[in-house]
Amino acid sequence: MQKSKLTVIHAADLHLGAPFKGIGASSGGGFFPSELKDTLVQAPYAALDRLVRLCLEIRPHALLLAGDLYNPEGGGLKSLNALKQACQRLEQGGVPVLMVHGNHDAANLQPSWTWPDNVHIFRADQAESVPLLSKKGLISLGAPIGEGQAPGPDADCLAIIHGISHAQEKVSENLSLAVSRHVKKIAASPPGSAWKIGLLHCAVG
101 MQKSKLTVIH AADLHLGAPF KGIGASSGGG FFPSELKDTL VQAPYAALDR LVRLCLEIRP
161 HALLLAGDLY NPEGGGLKSL NALKQACQRL EQGGVPVLMV HGNHDAANLQ PSWTWPDNVH
221 IFRADQAESV PLLSKKGLIS LGAPIGEGQA PGPDADCLAI IHGISHAQEK VSENLSLAVS
281 RHVKKIAASP PGSAWKIGLL HCAVG
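To convert a position in the sequence shown, counted from 1, into the numbering used here, add 100.
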């Protein structure tokens with residue numbers, strides 16, 4: 101069965117709020133003009149804004165965010181709120197967002213926080229498989245697929261995103277294996293026309 105066309109945008113490691121330790125006077129960076137320092141500090145937020153504007157321009161089927169999106173120790177709630185506002189803009193534009201936590205923004209570092217309905221954040225205690233559904237030109241996120249379940253009618257399932265978040269900053273487990281084990285437990289024959297995408301924050305090797 102021929103696959104439908106799929107457009108996704110992938111991004112990671114925005115590190116919103118990350119402290120630029122090398123530009124302070126105490127670290128020998130006192131020669132930096134103040135306006136350049138401000139530009140560097142604001143650069144991750146500018147990158148996020150450009151990412152959102154790109155999504156709203158080309159209207160991908162989904163935005164996939166692969167972790168380390170912000171640094172709690174540097175930006176705190178300001179950075180998290182900037183990310184939430186970006187997702188709200190994408191919700192208004194009809195763009196689903198799927199994200200995993202990385203080592204810098206691990207699940208155990210997250211405050212109690214609500215996200216727009218267009219956002220799915222993958223769990224850290226187990227892998228998940230989330231269907232991306234297309235019906236009458238509208239793209240939406242389906243409920244995570246449980247063991248032995250099918251994602252829905254073949255015509256509606258455009259893609260299945262498999263992923264897992266980092267539970268804490270230091271992870272020794274091979275998370276790709278956790279995803280692989282989970283995929284084998286769900287329906288043996290997901291729609292043949294659906295794309296399958298893995299979403300992880302990791303280093304190859």
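Beta carbons are placed, not taken as given, at the ideal position from N, Cα and C, and that holds for glycine. This one's a predicted model, so the numbers in the text were calculated from it and none came from an experiment.
For residue i, list the residues DSSP reports as bridge partners.
i	result
Glu273	Partner(s): none; Glu273 has no beta bridge.
Glu157	None, per the DSSP bridge assignment.
Pro231	Ile260
For residue i and residue j, which I take to be in contact (beta-carbon distance under 8 Å), what is that distance rounded to the nearest angstrom?
i	j	result
Ser265	Phe222	5 Å
Just the C-alpha distance for residue i and residue j, rounded to the nearest angstrom, thanks.
i	j	result
Asp217	Asn203	25 Å
His301	Leu156	25 Å
Ile245	Val230	6 Å
Ser293	Leu233	12 Å
Gln142	His115	11 Å
Arg150	Gln210	25 Å
Ile286	His220	19 Å
Leu183	Leu140	18 Å
Ser311	Pro144	The requested residue 311 does not occur in the structure, where the chain is confined to residues 101 to 305.
Select from the options the residue whose C-alpha is nearest the C-alpha of residue i.
i	options	result
Asn274	Ala227, Leu116 and Ser212	Ala227
Leu163	Asp149, Trp215 and Val195	Val195
Pro160	Leu177, Ala303, Lys184 and Lys105	Lys105
Ala224	Leu151, Leu299 and Cys155	Leu299
Ala267	Ser134, Ala278, Ile158 and Ile260	Ala278
Glu269	His110, Ala207, Ala147 and Asp138	Ala207
Leu154	Val108, Lys284 and Val283	Val108
Pro119	His110, Lys103 and Glu173	Glu173
Gln192	Lys284, Leu238 and Asn171	Leu238
Val271	Asp256, Leu136, Ala303 and Lys236	Ala303
Is the CB-CB distance between residue i and residue j below 7 Å?
i	j	result
Ala166	Val200	yes
Leu169	Ile261	no
Gly117	Asn171	yes
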